[in-house]
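Let me begin by presenting the structure, written as structure tokens, before commenting on it.
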Amino acid sequence: PYKGGLRFHPSVNLSILKFLGFEQILKNSLTTLPMGGGKGGSDFDPKGKSDNEVMRFCQSFMTELQRHVGADTDVPAGDIGVGAR
């Protein structure tokens, strides 16, 4: 299992996600939670997009993400560009 964030921002790339994932592993190792760390995201920029466009992107993203995470074990959370909208 892992705990980490999802980031949607134009600056996101593989190198950034690898660094942030490693950083999350270190953060989680300081807790008593038996979880590793991870980070995911896309260079999708929600700014200036309609609610419908954001919803369609998020639904597609989560459909693909579900293939790689476990519903009862992994804990993805919002990060930059990911919020209540």
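Okay, so the sequence shown: first residue is 473 according to this note's numbering, each after it adds one. In this text, a Cβ means the ideal position worked out from N, Cα and C, and glycines have one as well. Everything numeric in this text was worked out from a predicted model, so none of it was measured.
Determine, using beta carbons only, whether residue i and residue j come nearer to each other than 9 angstroms.
i, j, result
"Gly512", "Phe494", "no"
"Lys475", "Asn500", "yes"
"Val547", "Met507", "yes"
To which residues of the same chain is residue i closer than 7 angstroms at the C-beta, ignoring the five residues directly before and after it?
i, result
"Val554", "Leu478, Arg479, Phe480"
"Thr545", "Pro473"
Judging by CA-CA distance, which residue of the options is the nearest neighbour of residue i?
i, options, result
"Met534", "Asp523, Lys519, Ser514", "Ser514"
Within a Cβ cutoff of 6 angstroms, which residues of the same chain sit near residue i, ignoring the five residues on either side of it in sequence?
i, result
"Ile552", "Arg479, His481"
Does chain B have any CB closer than 9 angstroms to the CB of residue i?
i, result
"Thr504", "The displayed structure is made up of one protein chain only, and chain B is not part of it."
In the DSSP assignment, what are the bridge partners of residue i?
i, result
"Phe480", "Ser514"
"Lys475", "Gly509, Val547"
Query raised in the report: Do the segment 528-541 and the segment 488-508 make contact, defined as three or more Cβ pairs closer than 8 angstroms?
Result: no
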